[in-house]
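Worksheet for the structure shown next.
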Amino acid sequence: MGDQIKIVKTTSENKDFIALVGALDKSLWEAYPELKSNYWGNNIIELNPNVVIVYVNDVAVACACFKKYNKDTIEIKRMFVSVEERGKGLAQNMLQELESWAKEKEFSFAVLETLYKQKAAIKMYQKVGYVITDNYAPYIGLENSICMRKHI
1 MGDQIKIVKT
11 TSENKDFIAL
21 VGALDKSLWE
31 AYPELKSNYW
41 GNNIIELNPN
51 VVIVYVNDVA
61 VACACFKKYN
71 KDTIEIKRMF
81 VSVEERGKGL
91 AQNMLQELES
101 WAKEKEFSFA
111 VLETLYKQKA
121 AIKMYQKVGY
131 VITDNYAPYI
141 GLENSICMRK
151 HI
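Be aware that the sequence shown starts at 1, since it is given in full-length UniProt numbering, and climbs by one per residue.
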């Protein structure tokens, strides 16, 4: 019997989202202790109505959200899949859901930022059509940042 996977649209006030973002931050600070002061402010999520959470067998295992970057572009934020669930396509499923949701709201592009050590994430983003682009604000001049863009 296979796992039961469910993607739920919610807000940043969802307790499962808050817990997953805590796990994301912990993993990032462990991987990049030198960057905490440079990046902390870029990862604060104000009240956000554009959140998705993936549940596997009713357990929250992955999350992501988007926020408006400019009039025709969203920025993908807080993309995280728990270690035990990686490699199963959940991140791609969340991206599809967020991109569809953004298209419904008449956005045309998505941008995102990730860090240079996130090799698997960069490869996955490229696989689904994101291309590396010049760093956008607030990541201009931050050498550890990899910024990507996609027409949705």
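A virtual CB, placed ideally from N, CA and C, is assigned to each residue, including glycine. Since the structure is predicted, the reported quantities are computational estimates derived from the model, not experimental observations.
Rounded C-alpha distance that separates Lys6 from Asp58
Residue mapping note: residue 6 aligns to position 6 of the sequence shown, counting from 1. Residue mapping note: residue 58 aligns to position 58 of the sequence shown, counting from 1. The alpha-carbon atoms of Lys6 and Asp58 are separated by roughly 8 Å.
In terms of alpha-carbon separation, which member of Val56, Val111, Pro138 and Glu99 lies closest to Lys88?
Reading the sequence shown from its first residue, position 88 is the one you call residue 88. Answer by Cα proximity: Val56.
What residue does the beta strand (DSSP E) around Lys71 start on, and which one ends it?
Here residue 71 corresponds to residue number 71 of the sequence shown, with the count starting at 1. No beta strand (DSSP E) contains Lys71, which DSSP labels as neither H nor E.
As a quick exercise: from Thr114, Met124 and Lys67, pick the residue whose alpha carbon is nearest that of Leu24.
Within the sequence shown, numbered from 1, the residue matching residue 24 stands at position 24. It is Thr114.
Is it right to say residue 153 is buried, meaning 16 or more other beta carbons lie within 10 angstroms of its own, or is it exposed?
Not covered by the structure: residue 153. The range shown for the chain is 1 to 152.
Backbone CA spacing between Tyr130 and Ile152 [nearest angstrom]
Taking the first residue of the sequence shown as position 1, residue 130 is located at position 130. Taking the first residue of the sequence shown as position 1, residue 152 is located at position 152. For Tyr130 and Ile152, the distance between alpha carbons rounds to 10 Å.
Three-state secondary structure (DSSP) of Val128:
For the purposes of this step, residue 128 is taken as the residue at position 128 of the sequence shown. Of the three classes helix, strand and coil, the one that applies to Val128 here is coil, per DSSP.
Sort Asp72, Cys63 and Lys68 by Cα distance to Phe80 and report the nearest one.
Along the sequence shown, read from residue 1 onward, the residue named residue 80 stands at position 80. Cα-wise, what sits closest to Phe80 is Cys63.
Going by C-alpha distance, which of Tyr125, Lys117 and Asn70 is nearest Gln96?
On the sequence shown, position 96 is the one that residue 96 refers to. Among Tyr125, Lys117 and Asn70, the Cα nearest to that of Gln96 belongs to Tyr125.
For the candidate residues Ser82, Ile122 and Ile74, whose alpha-carbon lies nearest to that of Lys103?
Along the sequence shown, one-based indexing puts residue 103 at 103. If we check each option's Cα against that of Lys103, Ile74 comes out closest.
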